[in-house]
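Residue numbers (this note's numbering), protein chains in the order written: chain A, 257 to 493; chain B, 6 to 348.
We put the CB at the ideal spot given by N, CA and C, even for glycine.
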Amino acid sequence: MALLEVENMHSYYGNIHALRGVSLTVEEGEVVTLIGSNGAGKTTTLRSIHGVLPPKEGKVIFDGKEIQGTPAHDMISRGIAQSPEGRKIFSRMTVRENLEMGAYHRSDRDGIRTDMDRVFELFPRLQERIKQEAGTMSGGEQQMLAIGRALMSRPRLLLLDEPSMGLSPVLVERIFDIIREINAQGTTILLVEQNANVALEIATRGYVLETGAIVNSAPAAKLREDPKVREAYLGEI
Amino acid sequence: MDSIKGSSWQSRLAVVLIAILLVALLIQAVANPGQFVSQLLIGITNGAIIALVALGYTLVYGIIELINFAHGDNFMIGSFVGLTLLAGFGIFAPISGDSGTFIKILGVLLALVVAMVVCGFVNVAIERIAYKPLRNSPRLAVLITAIGMSFILQNIGLVWKGPAQVPFPELISSANIFPGDAIIFRWKDLFVIAATIPLLLGLSYFIKNTKQGKAMRAVAQDKEAAAMVGINVNRTISITFLLGGILAGASGVMFGLFNGITVFNVGFTQGLYAFTAAVLGGIGNLTGAVVGGFLIGIIGSMADQYIGVRWTAIVIFGVLVLVLVFRPRGLLGDRSAVQGGGE
Ligand SMILES: Nc1ncnc2c1ncn2[C@@H]1O[C@H](COP(=O)(O)OP(=O)(O)OP(=O)(O)O)[C@@H](O)[C@H]1O
Ligand SMILES: [Mg+2]
């Protein structure tokens, strides 16, 4: 049984029909990537799965249970965390407070401390900045914080929306290494990326989204070879 | 300060005007220090009552960017609840100036607590009924609704106690605490200060240190991110209204006991001063609301004494304008304490 199964999901912004029947599955332990051009509906897909923008139609099945219609604030205790587009860190709280907020629904102090240490192992920079107000950090540091905050809930499924946005090439490499490591430690990942090249390198499978619908899905290696994908998303002619 | 660096003629004028006011005040203070100190103490007491209401405006603004116009009228409801408990109920004999000290203290505490609870829940109900359904509507729609709620509460007050001023029982002595009458600080004044301090400390502790307080700050900064980490945004907004209502309820009872009267539209004038205090201090900033409240109380009492009661409102709003000329976001307005958590 897949960890996450999305069936024929439709979502709207007012009258705008942003998702027109998205279906996808993510198996436990996988890294699945969702690629597509600007405005294709990648962010909307993550927001709909996560209950921030509840889908009007369709099913979201997580760990065998239907969760469409579950309010967003209950998703985290079910095991889904997100590092959202635009980071959305709490800019007027310190790094530590942001991480604590990531563990908001938990009350096991020891476990929270262990997880914070784990985040600091992945992102030593965050430990150096622990007392800094989050909004004053650099873009890359904020991105690390957004991912770290999501990890603080010890999620089973991590939704990552463009973690490489605005980062220098070196840092992109580093972030993707870390994503790989997070996955190796047992977290299933659904990754949205503009940077399809790198995303397809670390993903097991990929989906291609176009104007609110999935138009292609295949193992990542295969998508990398697909001439259409190469042309549209890998910047090759 | 960079706001002075780029100063225009308006802000220079503002500085000059404020300086003239301060010098005039200083001359008076030197001429009759006892009177000045007494006036200052009255100002602080009035300021405490205003500050508690101002906090309610600023808390709500900090979290949903709404000016809750009904807030002042909730303060009025608080004073009415207190009055009803103290004077109007047959459950125990009306408490009056002749009752024993113990009964008086008990009565005042009970009135405070009940008014706080009632106003807290009135505020929560207002948000649920009138504001929540409009959360995604244009700002103006919610603002008009808030004005509507203000009228509804005022009319409830009108039906409840009639159009005339109603007297509050004289439970707290107006006698001076200090011997002689060089400096006047009455038991009443002490009561207001003594009731305000724990409320302010409690609020500050709640916002800074409790999980729920942190959730409030998170919601104020980013509602979507707050929901993603598991914070129930609607409940957090309700709790914010609850806190604001609790403070307004306490303030309403204190106002009644302090001034000896209340009236159905007292929320309009007091609310206006409190709102002004919140803006003066920087709306959204908790410390700002307290500072603004005390400032307005003090400016008001000074104007009463040295300029004339008729001019007080003009002086207060004049100072507001002067301050906003140089600090358009209020004295502490560039960062919100609700959001930033600093006290
Ligand atoms: N809040 C909103 N209100 C109205 N329309 C929206 C809103 N957010 C997104 N849309 C529309 O929904 C569609 C999908 O947007 P979405 O943000 O999911 O795209 P995306 O694939 O994440 O794009 P990008 O790569 O630029 O982040 C777009 O056409 C967009 O204009
Ligand atoms: Mg996007």
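Please report how far the alpha carbon of residue i lies from the alpha carbon of residue j, in whole angstroms.
{"i": "Ile434(A)", "j": "Thr50(B)", "result": "58 Å"}
{"i": "Asn37(B)", "j": "Ile321(B)", "result": "23 Å"}
{"i": "Ala488(A)", "j": "Ser333(A)", "result": "38 Å"}
{"i": "Cys124(B)", "j": "Ser179(B)", "result": "27 Å"}
{"i": "Arg303(A)", "j": "Ser279(A)", "result": "14 Å"}
{"i": "Ala260(A)", "j": "Pro411(A)", "result": "According to the sequence as given, residue 260(A) is Leu; it is not Ala. Cα-Cα distance, rounded: 13 Å."}
{"i": "Gly250(B)", "j": "Val122(B)", "result": "8 Å"}
{"i": "Leu204(B)", "j": "Leu60(B)", "result": "11 Å"}
{"i": "Met357(A)", "j": "Val234(B)", "result": "7 Å"}
{"i": "Asp309(B)", "j": "Gln398(A)", "result": "52 Å"}
{"i": "Ile319(B)", "j": "Phe85(B)", "result": "29 Å"}
{"i": "Gly276(B)", "j": "Ile323(A)", "result": "45 Å"}
{"i": "Phe379(A)", "j": "Ala402(A)", "result": "11 Å"}
{"i": "Arg140(B)", "j": "Val224(B)", "result": "14 Å"}
{"i": "Trp165(B)", "j": "Ile82(B)", "result": "10 Å"}
{"i": "Arg276(A)", "j": "Gln226(B)", "result": "32 Å"}
{"i": "Ile236(B)", "j": "Arg430(A)", "result": "31 Å"}
{"i": "Asp372(A)", "j": "Gln383(A)", "result": "Reading the sequence as shown, one finds Met at residue 372(A) and not Asp. If I take the Cα positions, the gap works out to 9 Å."}
{"i": "Asp78(B)", "j": "Phe273(B)", "result": "7 Å"}
{"i": "Leu71(B)", "j": "Leu290(A)", "result": "39 Å"}
{"i": "Phe74(B)", "j": "Gly292(A)", "result": "47 Å"}
{"i": "Phe284(B)", "j": "Gly305(B)", "result": "The sequence as given places Val at residue 284(B); Phe does not occur at that position. When rounded, the distance between both Cα atoms is 16 Å."}
{"i": "Leu90(B)", "j": "Phe211(B)", "result": "28 Å"}
{"i": "Glu348(B)", "j": "Arg334(B)", "result": "In this prediction, Glu348(B) has a pLDDT of 36, which is less than 50 and means its spatial position is unreliable; nothing more can be read from the coordinates."}
{"i": "Leu352(B)", "j": "Ala200(B)", "result": "An answer regarding residue 352(B) cannot be provided, because it is not within the stretch 6 to 348 covered by chain B."}
{"i": "Val262(A)", "j": "Lys315(A)", "result": "6 Å"}
{"i": "Ile317(A)", "j": "Ala232(B)", "result": "20 Å"}
{"i": "Leu88(B)", "j": "Ala116(B)", "result": "8 Å"}
Secondary structure at residue i, three-state DSSP: helix, strand or coil?
{"i": "Thr289(A)", "result": "strand"}
{"i": "Ser179(B)", "result": "coil"}
{"i": "Thr299(A)", "result": "helix"}
{"i": "Met265(A)", "result": "strand"}
{"i": "Gly367(A)", "result": "helix"}
{"i": "Leu252(B)", "result": "helix"}
{"i": "Ser279(A)", "result": "strand"}
{"i": "His76(B)", "result": "helix"}
{"i": "Glu498(A)", "result": "Since the first and last residues shown for chain A are 257 and 493, residue 498(A) lies out of range."}
{"i": "Val268(B)", "result": "coil"}
{"i": "Pro310(A)", "result": "coil"}
{"i": "Ile317(A)", "result": "strand"}
{"i": "Val234(B)", "result": "coil"}
{"i": "Arg348(A)", "result": "coil"}
{"i": "Glu322(A)", "result": "strand"}
{"i": "Pro483(A)", "result": "helix"}
{"i": "Pro203(B)", "result": "helix"}
{"i": "Glu284(A)", "result": "coil"}
{"i": "Arg222(B)", "result": "helix"}
{"i": "Arg17(B)", "result": "helix"}
{"i": "Pro143(B)", "result": "coil"}
{"i": "Leu260(A)", "result": "strand"}
{"i": "Pro38(B)", "result": "helix"}
{"i": "Arg334(B)", "result": "coil"}
{"i": "Pro419(A)", "result": "coil"}
Could you pull the DSSP bridge partners for residue i from this structure?
{"i": "His361(A)", "result": "Answer is none; His361(A) lacks a bridge partner."}
{"i": "Ala337(A)", "result": "Leu414(A)"}
{"i": "Glu449(A)", "result": "Ile291(A)"}
{"i": "Pro273(A)", "result": "First, the residue type needs correcting, since residue 273(A) is His and not Pro in the sequence shown. Bridge partners of His273(A): Tyr268(A)."}
{"i": "Glu466(A)", "result": "Ala469(A)"}
{"i": "Ala474(A)", "result": "Gly462(A)"}
{"i": "Glu70(B)", "result": "Paired residue(s): none; Glu70(B) is not in a bridge."}
{"i": "Pro327(A)", "result": "None; Pro327(A) has no bridge partner."}
{"i": "Glu389(A)", "result": "Thr350(A)"}
Do residue i and residue j have their C-beta atoms closer together than 8 Å?
{"i": "Ala390(A)", "j": "Val351(A)", "result": "yes"}
{"i": "Tyr66(B)", "j": "Ile288(B)", "result": "yes"}
{"i": "Ala53(B)", "j": "Ile182(B)", "result": "no"}
{"i": "Asp482(A)", "j": "Val448(A)", "result": "no"}
{"i": "Gln170(B)", "j": "Val268(B)", "result": "yes"}
{"i": "Ser339(A)", "j": "Pro419(A)", "result": "yes"}
{"i": "Phe349(B)", "j": "Gly261(B)", "result": "Residue 349(B) falls outside the range modelled here, since chain B spans only 6 to 348, and no answer is possible."}
{"i": "Tyr278(B)", "j": "Ile55(B)", "result": "yes"}
{"i": "Leu176(B)", "j": "Lys109(B)", "result": "yes"}
Any heavy atom of ligand 4 closer than 7 Å to the CB of residue i?
{"i": "Lys298(A)", "result": "For the structure depicted, ligand 4 is absent and the ligand set comprises only ligand 1 and ligand 2."}
Near-chain C residues of the segment 334-352 of chain A - C-beta to any C-beta below 8 Å
No chain C is part of this structure, whose protein chains are labelled A and B.
The segment 238-252 of chain B contacting the segment 28-36 of chain B, beta-carbon criterion three pairs below 8 Å
no
Stretch pair the segment 283-300 of chain A + the segment 456-469 of chain A: three plus CB contacts closer than 8 Å:
yes
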